[in-house]
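I have placed the structure first, in the form of structure tokens, so that the comments after it can refer back to it.
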Amino acid sequence: MNPTYLTIALPKGRLGDEAIQRFKAIGYGDAIDSDSRKLVFVDEVKKLTFMLVKPSDVITYVEKGVADLGIIGSDSLLEDERNLYELLPLGFGYCYFAVAGKKGEIIYQRDDVLKIATKYPNVTKAYFKQKNQAIEVIKLNGSVELAPLVGLSDVIVDIVETGKTLIANGLDVIEKMMDVSARLISNPVSYRFKNEIITDLMDQLKKVG
Ligand code: PRP
Numbered sequence: 762m763n764p765t766y767l768t769i770a771l772p773k774g775r776l777g778d779e780a781i782q783r784f785k786a787i788g789y790g791d792a793i794d795s796d797s798r799k800l801v802f803v804d805e806v807k808k809l810t811f812m813l814v815k816p817s818d819v820i821t822y823v824e825k826g827v828a829d830l831g832i833i834g835s836d837s838l839l840e841d842e843r844n845l846y847e848l849l850p851l852g853f854g855y856c857y858f859a860v861a862g863k864k865g866e867i868i869y870q871r872d873d874v875l876k877i878a879t880k881y882p883n884v885t886k887a888y889f890k891q892k893n894q895a896i897e898v899i900k901l902n903g904s905v906e907l908a909p910l911v912g913l914s915d916v917i918v919d920i921v922e923t924g925k926t927l928i929a930n931g932l933d934v935i936e937k938m939m940d941v942s943a944r945l946i947s948n949p950v951s952y953r954f955k956n957e958i959i960t961d962l963m964d965q966l967k968k969v970g
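What follows is the structure in structure tokens.
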């Protein structure tokens, strides 16, 4: 990629859609065609390159310096400690971490080991350690809500946004854990060497946050 461009990794999906709206609102997202299956969009005028990647891969692209900046949910930052800068809360992507289980079943605090399915093993372990609850973590990559329904786990730890996925699967929030929202992250070297353009972009994004 052209090194004179600022490269931004955006997460595919809901968070990415909101991010694209923000970039378009500040006149930086004209090159992005959300209906296309393309993964890279170059704005020759603004000298920006956008890459669309799996949400869980945004951190990797930024940490490795392939992308200068990334947009990510703070859930991923809590789960994975990496060498990058968290620059700005972006004012969207609000959701929360929760422990959830089958409606009406009180199976949260228990003397024996609680089986928890989650995409977030580190967040889950840290949370239950502080509660002195013995747990077994079952790492899944998605559709976590299925696990308690089929007996793979007692409960889940996941992020909840609208709550529709829980409701659709007969699950309930047992306990809210912590809030999550979208963040702008930067590769540390990019932040140093492309500081002016990054700071300018941050100023623009603050206006639509
Ligand atoms: C996330 C999350 C929940 C769902 C919550 O999953 O893991 O499953 O969204 O959203 P809601 O409260 O608005 O229903 P995602 O859509 O990323 O899919 P995945 O399960 O395949 O990871």
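First residue of the sequence shown? That's 762 in our numbering, and the numbers climb one at a time after it.
By construction, the Cβ of each residue, glycine as well, lies at the ideal position given by its N, Cα and C atoms.
If you're wondering where the values come from, they're calculated on a predicted model, not measured in any experiment.
Distance, Cα to Cα, P909 vs K968?
42 Å
Is the separation between the beta-carbon of V827 and that of L845 shorter than 7 Å?
no
Since I believe G931 is in contact with K876 (beta carbons under 8 Å), could you give me their beta-carbon distance rounded to a whole number of angstroms?
18 Å between Cβ atoms; not a contact.
Kindly give me the distance between the Cβ atoms of L831 and I769, rounded to whole angstroms, as I take these residues to be in contact under 8 Å.
Residue identity check: residue 831 is Gly in the sequence provided, not Leu. Yes, G831 and I769 are in contact; Cβ-Cβ is about 7 Å, under 8 Å.
Verify whether the separation of the beta carbon atoms of L879 and E906 is less than 7 Å.
Correcting the residue type first, residue 879 is Thr in the shown sequence and not Leu. No. Outside cutoff.
Regarding G924 and the ligand PRP, is the C-beta to nearest heavy atom distance less than 6 Å?
yes
Excluding the 5 residues preceding and the 5 following V819 in the sequence, name in chain order all residues of the same chain whose CB lies nearer than 8 Å to its CB.
A770, L771, P772, A828, G831, I832, I833, S837, I946
Starting from the C-beta of S835, find all residues in its chain whose C-beta is less than 7 Å away, skip the five residues before and the five after it, and write them out in chain order.
V941, S942, R944
Buried or exposed: where does Y789 fall if 16 or more other Cβ atoms within 10 Å of its Cβ makes it buried?
buried
Using the Cα positions of T810 and S914, report the straight-line distance between them to the nearest angstrom.
42 Å
If I'm right that V860 touches E936 with Cβ under 8 Å, what's the distance once you round it to whole angstroms?
5 Å
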